[in-house]
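Going letter by letter, the sequence shown gives residues 0 to 51 in numbering that gives the first Met the number 0. The beta-carbon is built from N, C-alpha and C at its ideal position, and this holds for glycine as well. Here the structure is laid out as structure tokens; the discussion comes afterwards.
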Amino acid sequence: MREKDMNAVVSDRTSWQFWIDRGGTFTDIVAKRPDGKLIIHKLLSENPDRYT
0 MREKDMNAVV SDRTSWQFWI DRGGTFTDIV AKRPDGKLII HKLLSENPDR YT
């Protein structure tokens, strides 16, 4: 991604952003709302069918 494109993504304050880290025991989910508030959730990685 070019630096110009990255700046456009960073400056977009009207969309949600999500980060997911799936580990052996837990999956961590972090969401950033358009207003900047972070929402953090942790799920067991062992049974992902339970969360669909």
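A straight-line Cα-Cα distance of about 10 Å links Ile19 and His40.
For the stretch 18-44, the continuous beta strand (DSSP E) assignments of 3+ residues that do not extend past its boundaries occur at 25-31, 37-43, in sequence order.
Of the residues Gly22, Gln16, Trp15, the one whose Cα lies closest to the Cα of Leu43 is Gly22. Setting aside the 5 residues that flank it on each side, Phe17 is surrounded in the same chain by Ala30, each with a C-beta closer than 6 Å to its C-beta; the list follows chain order. If the five residues before and after Thr13 are omitted, its C-beta is found closer than 8 Å to the C-beta atoms of Pro33, all from its own chain and listed in chain order.
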